[in-house]
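Reviewing the structure listed below.
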Ligand SMILES: [Zn+2]
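In the UniProt record's numbering, the protein residues as written are 1 to 302.
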């Protein structure tokens, strides 16, 4: 079973109109990324994953325009899609319902929304979304503030895993300190039954991520969007090897940033960067175990 725990809901059901195509050149050092995609492109990029977790992120109303397009902010509801076409969580649920055999949807929430817990209940009971995506740096909230803790408490109660964006990002007004992996230690200590996925192994603080997932049984890390920095990638997996946490690593693509096959190929090539040296190698069987790990069982979603 190959599971991709980290993908973003495509913005378009039908092929993206040419004038809406956005190419991102800063996301990866090795190639540009087509940031606007349709359902078909998403599904093609997910092969060979049998199951994929898919979600969006709830920007602060008004801020998405500032951040993504540079245009002045208008009046927005908390979960409005960037293009104004309805609610983020409805869009994810619609996509998941069209492909229930392949997709598991997580909800986007913003702890500063006064009705955030109502949206959580609606997503859980009406939309069938089975986890939560948060990115405190992008969403500009303190991960330890009471409004955020209220979400974790509810998530723990209902067995909703939370995937947190971790580590840096190129978004200028996203405070990096809100996504530092060591904060997860405090959250995991307060909510020991909460299932947490730390995205991107907390890049570039991968060793901090290793020590957090090492001590908390219900905290995992995904390796999404890390293989295309080959030296850092090798180093992070060697650190995971030495800290004995390779079994806590989950496969993720961060599509549209990368495809599942690219991510798998990157994993299998991890030792190439040290070929011909005496530097340690990531065990091949551990690499295959990451690729085939049943993340859904570990997250209580099986
Ligand atoms: Zn992502």
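Glycine included, each C-beta is placed from N, C-alpha and C at the ideal position.
- Taking buried to mean at least 16 other C-beta atoms within 10 Å of its own C-beta, is residue 89 buried or exposed? buried
- Query: Unbroken beta strand (DSSP E) runs of length 3 or more, entirely within the region 81-148: which are they?
  - Reply: 103-105, 132-134
- Cβ pair residue 20, residue 33 closer than 7 Å: no
- Message: In whole angstroms, give me the CA-to-CA distance for residue 99 and residue 205.
- Response: Taking the straight line from one Cα to the other gives about 35 Å.
- Is residue 4 near ligand 1, in the sense that its beta carbon is under 6 Å from a heavy atom of that ligand? no
- Query: Just the Cα atoms here: how many angstroms apart are residue 197 and residue 17?
  - Reply: 34 Å
- Backbone CA spacing between residue 194 and residue 286 [nearest angstrom]: Residue 194 and residue 286: Cα-Cα distance of roughly 26 Å.
- Message: I need the boundaries of the alpha helix (DSSP H) containing residue 287, first residue and last residue.
- Response: 284-292
- Pair within 7 Å by beta-carbon distance, residue 115 and residue 141: no
- Message: Looking at residue 270: is its Cβ nearer than 7 Å to the Cβ of residue 234?
- Response: yes
- Item | Span separating the alpha-carbon of residue 45 from that of residue 242 | 32 Å
- Item | Bridge partner(s) assigned by DSSP for residue 24 | 33
- Item | Segment limits, beta strand (DSSP E) that includes residue 52 | 51-55
- Item | Whole alpha helix (DSSP H) elements within the region 191-218, 4-residue minimum | 206-215
- Any heavy atom of ligand 1 closer than 6 Å to the CB of residue 90? No, ligand 1 has no heavy atom inside 6 Å of this Cβ.
- Message: ligand 1 and residue 222: does any heavy atom of the ligand fall closer than 6 Å to the residue's C-beta?
- Response: no
- residue 7: first and last residue of the uninterrupted alpha helix (DSSP H) it sits in: No alpha helix (DSSP H) holds residue 7; the beta strand (DSSP E) holding it covers 3-8.
- How big is the Cα-Cα spacing for residue 228 and residue 266? Residue 228 and residue 266 have their alpha carbons spaced roughly 7 Å apart.
- Message: To the nearest angstrom, how far is the alpha carbon of residue 109 from that of residue 190?
- Response: 20 Å
- Message: With distance defined between alpha-carbon atoms, name the residue in 200, 248, 187 nearest to residue 214.
- Response: 248
- Cα separation between residue 49 and residue 144? The alpha-carbon atoms of residue 49 and residue 144 are separated by roughly 34 Å.
- Item | 8 Å contact criterion, which residue 53 and residue 4 should meet: CB distance rounded | 7 Å
- Message: Measuring only the C-alpha atoms, how far is residue 137 from residue 47?
- Response: 30 Å
- With DSSP run on the structure shown, which of helix, strand or coil describes residue 162? For residue 162, the three-state secondary structure derived from DSSP is strand.
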